[in-house]
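A short worksheet on the structure shown next.
There are 4 protein chains.
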Amino acid sequence: MRSVGPVRIIGPVLDDELFIPLATYESPLWPSVERGARVTAAAGGIRTVIHDDRMTRSVLFEAPDAETASAAIHEIRTRMADLAAVAEAGSRYTKFLDMHDQVVGNLLFLRLEMHTGDASGHNMVTAGADRVVQWVLDTFPSLQYVSVSGNYCSDKKPTAVNAILGRGKSVIAETLIPEKLCSRFLKTTPHSVAELNTKKNLIGTMIAGGIRTANAHYANILLGFYLATGQDAANIVEGSQGITYATVRDGALYFSCTIPNIIVGTVGAGKNLPFVSENLERLGCTVDRPAGDNARRLAAICGAAILCGELSLLAALTNQGELMEAHTRLERG
Amino acid sequence: MRSVGPVRIIGPVLDDELFIPLATYESPLWPSVERGARVTAAAGGIRTVIHDDRMTRSVLFEAPDAETASAAIHEIRTRMADLAAVAEAGSRYTKFLDMHDQVVGNLLFLRLEMHTGDASGHNMVTAGADRVVQWVLDTFPSLQYVSVSGNYCSDKKPTAVNAILGRGKSVIAETLIPEKLCSRFLKTTPHSVAELNTKKNLIGTMIAGGIRTANAHYANILLGFYLATGQDAANIVEGSQGITYATVRDGALYFSCTIPNIIVGTVGAGKNLPFVSENLERLGCTVDRPAGDNARRLAAICGAAILCGELSLLAALTNQGELMEAHTRLERG
Amino acid sequence: MRSVGPVRIIGPVLDDELFIPLATYESPLWPSVERGARVTAAAGGIRTVIHDDRMTRSVLFEAPDAETASAAIHEIRTRMADLAAVAEAGSRYTKFLDMHDQVVGNLLFLRLEMHTGDASGHNMVTAGADRVVQWVLDTFPSLQYVSVSGNYCSDKKPTAVNAILGRGKSVIAETLIPEKLCSRFLKTTPHSVAELNTKKNLIGTMIAGGIRTANAHYANILLGFYLATGQDAANIVEGSQGITYATVRDGALYFSCTIPNIIVGTVGAGKNLPFVSENLERLGCTVDRPAGDNARRLAAICGAAILCGELSLLAALTNQGELMEAHTRLERG
Amino acid sequence: MRSVGPVRIIGPVLDDELFIPLATYESPLWPSVERGARVTAAAGGIRTVIHDDRMTRSVLFEAPDAETASAAIHEIRTRMADLAAVAEAGSRYTKFLDMHDQVVGNLLFLRLEMHTGDASGHNMVTAGADRVVQWVLDTFPSLQYVSVSGNYCSDKKPTAVNAILGRGKSVIAETLIPEKLCSRFLKTTPHSVAELNTKKNLIGTMIAGGIRTANAHYANILLGFYLATGQDAANIVEGSQGITYATVRDGALYFSCTIPNIIVGTVGAGKNLPFVSENLERLGCTVDRPAGDNARRLAAICGAAILCGELSLLAALTNQGELMEAHTRLERG
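Going line by line, the protein sequences match chains S, B, P and U.
Taken in order, the first sequence gives residues 25 to 357; the numbers are from my numbering.
Taken in order, the second sequence gives residues 25 to 357; the numbers are from my numbering.
Taken in order, the third sequence gives residues 25 to 357; the numbers are from my numbering.
Taken in order, the fourth sequence gives residues 25 to 357; the numbers are from my numbering.
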């Protein structure tokens, strides 16, 4: 584990220069993120937005037929206050937000969406879902339990639903790099980076049969960040599904990372490990704030780290041979 | 980190009872995998198959027009021996296997596939790709370099190409559990597990817009296994894209996990950490064997671990309330 | 074009035996659907449900930065009544239903959802979207127009969003076929059909990298139905994305087709062609009913036709050689 | 039905100015394609490439276990000449090309790829697959028949496999439009079209959960072309999965449509209808040529028609209000 930075980050819950811890066996990751930190700091920093924040679990039932399944859903939709009360019962931090549904034949899936404060929320939504299951079975005696998780959640799977309906914190990180800084720090041009992004990340991922994803290596940075901050790192599966969008604006490089499914908490399993709590403290995410703000701050920092690493790798790839040369030098060094 | 087992595994490079190390912050994972180990051992073990083994990198060029791009590809296809020699130059362990290509307008993508011995092979294929890039540019002067990685590889992205064309070790793990053992160890029936798999893993994932994936939580086990054995754990993104298929056969539960993209090595970055080399040794993956066999053995063990955890969770989900109860008990315990 | 049937259909706006017109160059389609009609009629008919009904268009803007894009969306969400008034202005039949949004960097997509009465609604939603575009530009001067359609609609593209958020009429058709009728009419067993559906439609489509789809040939029947009833048949792209789910229930075959994106109208372009209006009349879809009911009835009939054809083909496939034999016989006959 | 043009097309089997027939209920399609024809003709025409040509069917078997399934596949791979002989037996035009496979648990899928001359080839590959099924069952007695089509083909389904492994004719159509012509014919600029393509077709489709597709409306043009030339128009499902790539080159608009799955024939079902044979004749696709060349010529023409319609719509969308205004004017006119 090493901390890289300082990364200059501006956002709703932060305006700071921070050293970001990344735990990885792949040591070339550190200098790569660090280079992104340097160029973005020189350019005025990384602006971050938290566009959405929720955690989800989908429950699955079986009806005698499709008509009963559909009718049950239409009735549940009229009783959202009841559903919310059931989902929130017995938890101070759980706030029910919304429900979406699917019917397949006689099967019915309810996707429950909740705020879970500063916890990543896996257990809170499962507990809430458990209560909802019982309420549904009590309310609709013709329905039968199938599963408290119906994969329409979707937890740690590459799907489209998470970014469409929301799961985790939806973070957008962006920066504007003047041509001169591109050249000095990244040995490339705004035009080269923007073109490469279209050809590799947008088109290349699409022809590979990618689903809702267009980036070079969010997964690497996300893994390092999750491990260093005590997160359930298996969530890099949906977390790494994000879109890099770059374009040339008045000669400068507009560079953005849209990462709709960052799942992080500042409390819960893994957070009491000494190095984790130390890291969270250094990142300013253990301060007394309104519920959820520490976790949102952490997500924004994560988004900024991703932008640093993504920008640096794309820049490297615009120059033939640079990537391999760097790996060789760093891993032998 | 904890080792769970013993897991009884039968396969081309192993016939053993092994304790499998899993590193995770999510402690309920251990007893879950352990339960799967117990029931499969009682049922005679887990059979594993390595159906394929290769590592990939895609290079990306630009031609003046589509005709030139298409013509270049057709010519390269006639010179595969040259291409192989270039890709393998300077590496004892790299064996060129095959190439696939895509044209999009004037862009051309070559997906290079190689054996990389006992290494996971990220760097070996990048080095090979670097040499191929230069050869292509020398051979076709009208082509221009775009990127040594064009996302058609696809490294750590959720796509369809990896399972269709192959990336990593393709492992199938399967077992046959008599009804009596299902009931004793898993508190469920073969019919319940098979039905749940269809409704949750196959249909539930599909309606979520999942891509080439149908399982409950391969990502959790894969993460724990990769971290414990020194792998680049960001590869759980494609690694967790696999398919659980279960059916009732003569009253017993036929249960299989098909995991086409396990990316593991027994040499390379991360393998010299003391706990890693100890784990690899205990798993019998540091023995003097033909090149690649240690890594394939490791992949087969990984597949068996996934089966244990997948079976155990699905069984738990068939019983209303069991999952949450277990989490509460284990995390507080 | 030929009418096949009678198909026995039960549903919210119908309880009839109908002859269903199908226009196709592929003549084996007719006897195939007809066989499905016979066996389902003998089994008591096909029950249909209309689970949802809406038409969509997504508009696309550009903001100076992500923060402005996100803020605009959050403000629009508080002004849904204004948005509805704008979307509905100047159209008697347009009813605004809901909006969903996406931010990617500084780009913002608004997906507008509306009821469009008995029209399929392509033009009504475009007209509504046009008005919304102007209102957004007037309300948020820092936003710039990009496109009245941003592909997040998604019109005639294979995506996940349509079935998750809704587009067109969401139809579920189902039937229960006793074993004896399976054998007599379809030369197969409930078990064989259910197993084949899992192996071919669920698993086979998934390994092909299919997106939100699991069926044998909805596209064929949909095309024939759309052409015969004057629909924009290019909508078979999203319309054919549906899921066949079959299981054995007390020895009988439960067989269902879930088709979330049927896009049909009984008024509008193509409906005045003589053969079209005649077909719509024969199907009982030109009767004086509440707005939208004729189109929903037509969608339910379409769903039943799909079920007939799907069931018949799956049954044929369970018997080695039957499909080819039928094609040879019918096309030469 | 109306013929639009003349379209100026340059390609391997053509260098012509042609009027292209399109059958549709959506009359605004004609002037849209026509505008594309005018501007591309003024710019020197549309260049087309046929990058690949094959038809596919996947057969599905069941083995006692995964090891047997995998072993059978590895043996079949060593007997490709036998397989080819079996697949081609009894057909003058069928040429076996390649096989790809998948194992899922104990299930095994073989995807058979063949040239089918000037026929679209659905029946030829099914007949070939039927023979292969019998040969496999004879050769591997432990395997059982499941289906002559396992959805890994994939026929008329939106998947990733078709473009990755090939199905139908892979066509790339491209053109270079000087800025002045963009302005005169299309009322837009190269920059506007290229930017819109990135934002709408690439990013917009991706966030919708699209699979291997990035275009505005290939489906519309494809439907009209397939119906007018007697094709099985349900193949627009995979046919419309293609990628528009546009960029500014020295001030001009480089515009390309990559359409990997065009499935057309000049002989077979539907081709004897008088208007069809007349259309095929006018397009110069009934001439005495080497087997397959007439169908490839037809596919190239289809690709050019798609480019015309795609370019025209994208250009229209760059101007706020133009699309709706055109629809209103044309449909009332």
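Even for Gly, the Cβ is constructed at its ideal location relative to N, Cα and C.
Around the Cβ of D89 (chain P), a 10 Å sphere holds 16 or more other Cβ atoms; the residue is buried. Under the Cβ distance rule, P52 (chain B) does not count among the residues neighbouring chain S, no pair being separated by less than 7 Å.
Shortest Cα-Cα distance from V156 (chain S) to any of S:F85, S:L322 and S:V288 involves S:F85. In the three-state scheme derived from DSSP, where H, G and I count as helix and E and B as strand, S144 (chain P) is classed as coil.
Here the C-alpha atom of L53 (chain S) lies approximately 23 Å from the C-alpha atom of K180 (chain S).
Non-local C-beta neighbours of Y169 (chain U) in its own chain, meaning closer than 7 Å and more than five positions away in sequence, comprise F85, V157 and L161, ordered along the chain. Cβ neighbours of E137 (chain P) within its own chain (closer than 6 Å, five residues either side excluded): R78, T80, L121 and D122.
One finds A184, I188, I235 and R236 in chain B with Cβ atoms closer than 7 Å to the Cβ of G233 (chain P), taken in chain order. Counting only the Cα atoms, C332 (chain B) lies some 16 Å from R208 (chain B).
Residues S194 and I196 of the same chain have their beta carbon placed closer than 7 Å to that of H75 (chain S), with the five preceding and five following residues left out of the count. Nearest CB-CB separation between L226 (chain S) and chain U: below the 7 Å threshold. Of the residues U:V28, U:E50 and U:T213, the one whose Cα lies closest to the Cα of D256 (chain P) is U:E50. Taken in chain order, the unbroken stretches of alpha helix (DSSP H) that lie wholly in the stretch 282 to 351 of chain U and span 4 residues or more are 298 to 306 and 317 to 341.
By the criterion of a C-beta distance shorter than 6 Å, C177 (chain U) is surrounded in its chain by T80, R81 and S82, once the five residues flanking it on both sides are discounted. At a beta-carbon threshold of 8 Å, the residues of chain P lying near L131 (chain S) are Y269, ordered along the chain. Neighbours of S94 (chain P) in chain S, taken as residues at a C-beta separation under 8 Å, are given in chain order as V73, H75 and I196. According to DSSP, residue pairing for L189 (chain S) in a beta bridge does not occur.
Within chain B, no C-beta atom comes nearer than 7 Å to that of M79 (chain P); the closest sits roughly 21 Å away. Within chain B, the C-beta atoms nearer than 8 Å to that of S280 (chain U) come from A90, V128, G129 and N130, in chain order.
Residue state for Y117 (chain U) is assigned as coil, using DSSP reduced to three classes. Annotated as proximal: L42 (chain U) and V31 (chain U), with beta-carbon spacing under 7 Å. With 16 or more neighbouring CB atoms inside 10 Å of its own CB, M148 (chain P) falls in the buried class. Here N296 (chain U) is exposed: its Cβ has fewer than 16 other Cβ atoms, across all protein chains shown, within 10 Å.
Of the other Cβ atoms in all chains shown, 16 or more fall within 10 Å of the Cβ of K223 (chain U); this residue is therefore buried.
In this structure I235 (chain S) touches P182 (chain S) by the C-beta definition: roughly 6 Å separates them, less than 8 Å.
Counting the other Cβ atoms within 10 Å of the Cβ of E262 (chain U) gives 16 or more, which makes it buried.
Straight-line measurement puts the Cα of R191 (chain S) at about 15 Å from the Cα of D125 (chain S). Counting only Cβ-Cβ distances below 9 Å, N147 (chain S) has contacts in chain B at M348, H351, T352 and E355, in chain order. For chain B, the residues of the stretch 235 to 260 of chain S that bring a beta carbon within less than 7 Å of one of its beta carbons are I235, T237, H241, A243, N244, L247, G254, D256, A257, A258 and I260, in chain order.
Among the bridge pairs identified by DSSP, V83 (chain P) is matched with P:L134.
Any Cβ of chain B closer than 7 Å to the Cβ of V170 (chain S) would place that residue at the interface, and such an atom is present.
Assigned with DSSP and collapsed to three states, L167 (chain S) falls in coil, not helix or strand.
Within the stretch 204 to 226 of chain S, those residues whose Cβ lies closer than 7 Å to any Cβ of chain U are, in chain order, T222 and L226.
Burial is judged here by how many other beta carbons sit within 10 angstroms of a residue's own beta carbon; V127 (chain U) has at least 16 and is buried. About 12 Å separates the CB atoms of L134 (chain U) and A87 (chain U); that is not less than 8 Å, and the two are not in contact. Put simply, of B:G345, B:G141 and B:A329 the residue whose alpha carbon is nearest the alpha carbon of F249 (chain B) is B:A329.
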